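Reading through the structure tokens given below for one structure.
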Ligand code: HCA
Ligand code: CU
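In full-length UniProt numbering, the protein residues as written are 1 to 412.
Listed below in structure tokens is the structure:
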């Protein structure tokens, strides 16, 4: 695709925005510029309707995520099936930089099997809302607390990193929730996990719960957001602002139902506000390749409106937009496409186009015209575009024909 602008984008920092971040007391809680990613494509993502990853595919995905720079790779419970256990062992043997985690139920049998695979850490989980307690595992809070402490104590003797999370945290009783988190913190977990299993939480609810929790536990706080109501990225961001330390993601957000916080979308959010940290730590230019890999593996297309990689994520169409973009891309872009190895595209083949876009396109075609001529040529393109949709070739042909006519001395 043509990329008519050479201007350097991002020249207007976001902090010049009057609505941007100043230094407030609450910023001391915030981890937006030092968060860690727990990548769960090979766990939550395996719960996506279309997902089937064979060993080779899992290794390919784990390797790509490791090269991208994620901090942790979470794998399906090795007790789920014999192959899941063997795959977990195979990924542990790869010697990745990322730590490998097994996701398990809060049960001693699962804990023993997980440790034997050679993982660096274990992510323990149990439902705490009354619905989950009633319909999922049937246990009361006393039982949950006792078992949690037993499983955690065992895992700690095995030298692995331990996280304990409560499924359906946002529909759990707040007193139950804080008391179990306090108990597992006392038992020495490295992280507690807060999971919006059903995607019901709003950003403000997230902020409030995490902020309270930050005052209750001294360990790290991992968070997991489902996207049923389209808030998964916003919720992740608010969790970090309130003091969460780790965010669960999956590539393209794949997971149960419509999934969780997508890795690429989270990067888009974070690079917009904290470019130094994100660009230094993660290989952003790999996002497209990783999304293509996973999209193909689970047989879906990249959504047109996907952050960063959606086909029109950096396409500017209306004349007003095109003109400003050609002058300075940061007028209409908070993200520099080049940071992700992507290119911007100024659309010029439509009735909404303006003469600045046409002049820029003519320059790309090595055609030099005066401003007046560009305006006249633009009028011709708009006239045809009023009748039917134009392809790039159609608009290029009009520009070329118009220019030929000028050259040959004919009145255009
Ligand atoms: C699931 C549960 C989970 C667990 C999250 C966590 C959720 O789908 O089996 O371990 O913190 O959304 O609650 O993914
Ligand atoms: Cu989940």
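Using N, Cα and C, we set each Cβ at its ideal position, and we do this for glycine too.
Keep in mind that this is a model prediction, so the values were computed, not measured.
Range of the contiguous beta strand (DSSP E) that encloses residue i
i: residue 121; result: 121 to 127
i: residue 63; result: Premise fails: residue 63 lies in the alpha helix (DSSP H), 55 to 68, not in any beta strand (DSSP E).
i: residue 349; result: Per DSSP, residue 349 belongs to no beta strand (DSSP E) and is neither H nor E.
i: residue 290; result: It is not in any beta strand (DSSP E) - residue 290 instead sits in the alpha helix (DSSP H) that spans 287 to 297.
i: residue 247; result: 246 to 249
i: residue 237; result: Careful: residue 237 lies outside any beta strand (DSSP E), inside the alpha helix (DSSP H) at 232 to 241.
i: residue 73; result: 72 to 75
N-terminal and C-terminal residue of the alpha helix (DSSP H) that residue i is part of
i: residue 215; result: 203 to 216
i: residue 85; result: 82 to 92
i: residue 153; result: 141 to 157
i: residue 415; result: In the structure displayed, the chain extends from 1 to 412; residue 415 sits before or after that span and is not available.
i: residue 321; result: 319 to 327
i: residue 399; result: 392 to 407
i: residue 280; result: 275 to 281
Three-state secondary structure (DSSP) of residue i
i: residue 261; result: coil
i: residue 135; result: helix
i: residue 190; result: coil
i: residue 333; result: coil
i: residue 225; result: strand
i: residue 36; result: strand
i: residue 44; result: helix
i: residue 167; result: strand
i: residue 173; result: coil
i: residue 105; result: strand
i: residue 339; result: helix
i: residue 116; result: helix
i: residue 313; result: coil
i: residue 182; result: helix
i: residue 271; result: helix
i: residue 2; result: With a pLDDT of 43 at residue 2, under the threshold of 50, the modelled position of that residue is not reliable, and no figure is offered here.
i: residue 362; result: helix
i: residue 51; result: coil
i: residue 195; result: strand
i: residue 15; result: Low confidence applies here, because residue 15 scores a pLDDT of 49, under 50, leaving its location unreliable; read the following figure in that light. Three-state result, residue 15: helix.
Whether residue i touches residue j by CB criterion (9 Å)
i: residue 269; j: residue 199; result: no
i: residue 92; j: residue 118; result: yes
i: residue 170; j: residue 140; result: no
i: residue 320; j: residue 354; result: yes
i: residue 430; j: residue 318; result: The structure shown does not extend to residue 430, since the chain is modelled only from 1 to 412, so the question has no answer here.
i: residue 55; j: residue 86; result: yes
i: residue 322; j: residue 395; result: no
i: residue 102; j: residue 74; result: yes
i: residue 82; j: residue 263; result: no
i: residue 289; j: residue 302; result: no
i: residue 239; j: residue 194; result: yes
i: residue 162; j: residue 122; result: yes
i: residue 62; j: residue 114; result: no
i: residue 341; j: residue 306; result: no
i: residue 282; j: residue 32; result: no
i: residue 124; j: residue 164; result: yes
i: residue 300; j: residue 335; result: no
i: residue 94; j: residue 120; result: no
i: residue 252; j: residue 267; result: no
i: residue 90; j: residue 297; result: no
i: residue 166; j: residue 126; result: yes
Residue i: CB within 8 Å of a non-hydrogen atom of the ligand FAD
i: residue 398; result: Ligands displayed in this structure: the ligand HCA and the ligand CU; the ligand FAD is not among them.
Expected contact under 8 Å - CB spacing of residue i and residue j to nearest Å
i: residue 210; j: residue 180; result: Between residue 180 and residue 210 the Cβ distance is about 16 Å, and since that is not below 8 Å, they are no contact.
i: residue 106; j: residue 148; result: 6 Å
i: residue 35; j: residue 247; result: 6 Å
i: residue 174; j: residue 128; result: Contact flag wrong, Cβ pair sits at about 11 Å.
i: residue 381; j: residue 367; result: Residue 381 to residue 367, Cβ: 14 Å. No contact.
i: residue 249; j: residue 37; result: 6 Å
i: residue 316; j: residue 325; result: 5 Å
i: residue 385; j: residue 351; result: 4 Å
i: residue 261; j: residue 220; result: Incorrect: roughly 17 Å between the Cβ atoms, too far for contact.
i: residue 152; j: residue 184; result: 6 Å
Test: residue i CB closer than 9 Å to a CB of chain C
i: residue 175; result: The chain inventory of the structure shown lacks chain C, comprising one protein chain alone.
**Request:** Could you please go through the chain and list the residues whose beta-carbon is closer than 7 Å to any non-hydrogen atom of the ligand CU?
**Result:** 44, 195, 197, 224, 226, 255, 256, 260
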